[in-house]
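J.: Sharing a structure, written as structure tokens. Questions coming.
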Amino acid sequence: VSNKAGEINATYKVEVIQRTNSKPILTGTHPVNTTVDYGASTSFQCKVRSDVKPVIQWLKRVEPGEENKFNSTIEVGDHRFVVLPTG
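Anchor point for the sequence shown: position 69 equals 139 in the numbering used here, and the numbering is continuous, going up by one each time.
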């Protein structure tokens with residue numbers, strides 16, 4: 071890049087690692103919908119087999135008109151969801 075003030079150069083080394091095109095596979099039993107009382111807690115487990123480190127996100131469906139209760143929502147199909155914190 072250059073302009074009236076001068077010129078700058080940069081060199082980067084990039085290593086390309088071949089990656090399989092296979093999707094992560096859920097193993098074991100799949101998580102099911104769960105209802106809990108207000109203030110109670112529950113836990114979910116997800117077992118995945120993958121050649122790369124998968125990113126798991128738990129989604130909670132947001133009822134129409136409740137979108138403004140959350141900082142951000144995502145749309146999947148015809149529904150809106152909030153991403154739940156994981157721990």
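C-beta: ideal position from N, C-alpha, C; glycine also.
1) Mind checking Lys143: buried by the 16 CB within 10 Å criterion, or exposed?
2) What residue from Asn141, Thr156, Glu133, Phe140 has the CA that sits closest to His149's CA?
3) To test your reading of the DSSP string, which unbroken beta strand (DSSP E) runs of 3 or more residues are found completely within the region 73-102?
4) Run through DSSP, which three-state label would Glu133 get?
5) Which one of Val122, Phe151, Val102 has the shortest CA to CA distance from Cys116?
T.: Let me lay it out:
1) Looking at the sequence itself, residue 143 is Thr, so the reference to Lys does not match. That one is buried.
2) Glu133
3) 95-97
4) coil
5) Val102
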